[in-house]
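Student: Under the working numbering, the first residue of the sequence shown carries the number 19, and numbering increases by one thereafter.
Just so you know, even glycine gets a beta-carbon here, dropped at the ideal spot from N, CA and C.
Just so it is clear, the structure is predicted and the values come from calculations on it, not from any experiment.
Please find one structure pasted underneath; my questions will follow.
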Amino acid sequence: MTIAFIGLGNMGLAMARRLAEAGHDVVAFDTRGEALAQLGAPAAASPRDVADRAETVLASLPTPAVCLEVATEVGEGSRVKRYVDLSTVGSLTATQIHDLLAPRDIVALDSPVSGGVGAGNALSYILSGECYYPDSRTMLALRAVNAPLPGKMQPRREDGLQ
């Protein structure tokens with residue numbers, strides 16, 4: 019499975035490496051060429067280019083404004099079906115991204131990551147989205163980002179139904 023990764027900063031680079039080490043084909047975009055060289059994965063020319071090359075796009079970006087800009091461009095991609103924002107952007111920006119991508123039939127998941135560089139690269143993440151149970155490909159990608167995960171992930175619905 020090809021997974022696209024946008025944003026190869028301190029945390030993004032480590033997560034993208036974990037995906038590659040878990041056996042996923044990773045295509046990446048970052049504004050910094052040196053970050054792309056460090057990853058050693060195929061480089062995309064833009065966020066839209068990664069969205070033309072993979073159904074699942076993960077993004078780890080620095081600010082809400084950058085997240086919205088990138089999500090807008092990803093939404094123009096021809097292959098993307100799932101957009102997982104690993105940035106810490108808050109509910110307003112997460113809702114804006116959802117509202118931007120939903121008309122294009124792209125599932126937007128907000129999955130802020132905690133931990134990382136200062137925590138010995140141990141990551142924790144929260145996964146939220148509107149009544150959506152991630153398919154196995156998305157879950158495998160998130161597991162690889164945080165490998166190894168203890169136990170099983172149990173998605174919970176906000177409406178209380180199991």
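Short check: CB of T74 to CB of R35, under 8 Å?
Tutor: The answer is no: Cβ separation not under 8 Å.
Student: DSSP state of I21, grouped into three classes?
Tutor: Strand at I21.
Student: Mapping the DSSP letters down to three states, classify H116 as helix, strand or coil.
Tutor: If DSSP states are grouped into helix, strand and coil, H116 belongs with the helices.
Student: What's the C-alpha gap between G51 and V88?
Tutor: If I take the Cα positions, the gap works out to 17 Å.
Student: Can you give me the Cβ contacts of E91 inside the same chain, cut-off strictly under 7 Å, excluding the 5 residues immediately before and after it?
Tutor: S64, P65 and R66.
Student: In the structure shown, what three-state DSSP assignment does R100 receive?
Tutor: R100 falls in the strand class under three-state DSSP.
Student: With a floor of 4 residues, list each alpha helix (DSSP H) that falls wholly inside the stretch 46-78, ordered by position along the chain.
Tutor: If we require 4 residues or more, the alpha helix (DSSP H) runs fully inside the stretch 46-78 come out as 51-57 and 65-71.
Student: Could you compute how far the alpha carbon of A61 sits from the alpha carbon of G41?
Tutor: Answer to the nearest angstrom: the Cα atoms are 17 Å apart.
Student: With DSSP run on the structure shown, which of helix, strand or coil describes L31?
Tutor: Three-state result, L31: helix.
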